[in-house]
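Encoded as structure tokens, the structure appears first; notes follow it.
Numbering (the numbering used here), first residue to last: 13 to 220.
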């Protein structure tokens with residue numbers, strides 16, 4: 013009889029093996045058999061759990077998205093102001109366990125596959141919408157909604173862009189520099205919108 017929790021442990025081992033294999037060989041060049049061997053399980057078992065390589069990548073990205081969400085929630089739990097919450101969201105997107113070479117390579121594969129794989133595309137849309145919504149909500153403390161949405165999209169684009177640039181670079185991932193770059197953009201935008209101006213209206217005249 014298999015030990016309790018063995019299936020979850022094997023799934024996690026396969027996800028970890030997928031991340032490492034993508035980093036070393038690239039998504040296109042790896043096979044399910046190679047991933048299974050790296051994880052120390054049979055090829056049949058990886059097919060049993062995930063069905064196909066695309067489904068395995070989707071499971072890997074769901075895992076990474078869950079980890080990303082956990083990091084952000086932990087940061088938000090101690091953030092007491094809208095500005096602090098924006099910083100927590102930014103820092104969470106460059107968490108130590110996320111912004112490292114193997115995971116960066118996996119994210120790049122995810123972006124590429126999302127163009128042709130419906131399940132991956134849906135996951136990416138959910139992630140992007142949640143990021144923009146959270147940023148917009150907190151930026152509303154400094155500016156009208158339309159401006160908050162625009163700057164939120166710009167901030168999200170910077171976060172994604174930093175990840176993609178790092179994936180294509182040979183340089184060491186520097187999360188502090190990445191966070192500072194995005195923070196500088198946000199701070200500049202907030203300062204430009206609030207210099208000499210009253211806070212955003214919350215009355216009936218405030219429209220979308």
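Ideal Cβ placement from N, Cα and C applies to all residues, glycine included.
Going by CA-CA distance only, name the one from the options that's closest to residue i.
| i | options | result |
| --- | --- | --- |
| residue 194 | 103, 114, 156 and 124 | 103 |
| residue 168 | 83, 142, 65 and 53 | 142 |
| residue 99 | 54, 148, 124 and 129 | 148 |
| residue 182 | 84, 74, 205 and 112 | 112 |
| residue 107 | 125, 93, 85 and 123 | 85 |
| residue 35 | 52, 89, 118 and 57 | 118 |
| residue 61 | 77, 44 and 76 | 44 |
| residue 109 | 186, 207 and 50 | 186 |
| residue 122 | 188, 192 and 65 | 65 |
| residue 25 | 54, 37 and 39 | 54 |
| residue 152 | 74, 37 and 202 | 202 |
Where does the unbroken alpha helix (DSSP H) through residue i begin, and where does it stop?
| i | result |
| --- | --- |
| residue 67 | 65-89 |
| residue 26 | 18-37 |
| residue 57 | 55-62 |
| residue 202 | 187-206 |
| residue 172 | 157-179 |
| residue 49 | 44-51 |
Within its chain, find whatever has a CB closer than 8 angstroms to the CB of residue i; leave out the 5 residues flanking it on each side and keep chain order.
| i | result |
| --- | --- |
| residue 213 | The pLDDT assigned to residue 213 is 42, lower than 50, so where the model puts this residue is not dependable, and the model offers no usable value. |
| residue 114 | 31, 32, 34 and 35 |
| residue 101 | 84, 87, 88, 143, 146, 147 and 150 |
Could you check if residue i is buried or exposed, using at least 16 other CB atoms within 10 Å of its CB as the buried criterion?
| i | result |
| --- | --- |
| residue 173 | exposed |
| residue 177 | exposed |
| residue 80 | buried |
| residue 132 | buried |
Who are the Cβ neighbours of residue i in its own chain at under 7 angstroms, not counting the five residues just before and after it?
| i | result |
| --- | --- |
| residue 159 | 205 |
Tell me which residues share the same chain as residue i and place their Cβ nearer than 6 angstroms to its Cβ, disregarding the 5 neighbours each side in the sequence.
| i | result |
| --- | --- |
| residue 29 | 47, 50 and 51 |
| residue 97 | 88, 91 and 150 |
Task: Complete runs of the alpha helix (DSSP H) confined to the segment 102-129 [at least 4 residues] - done: 113-125
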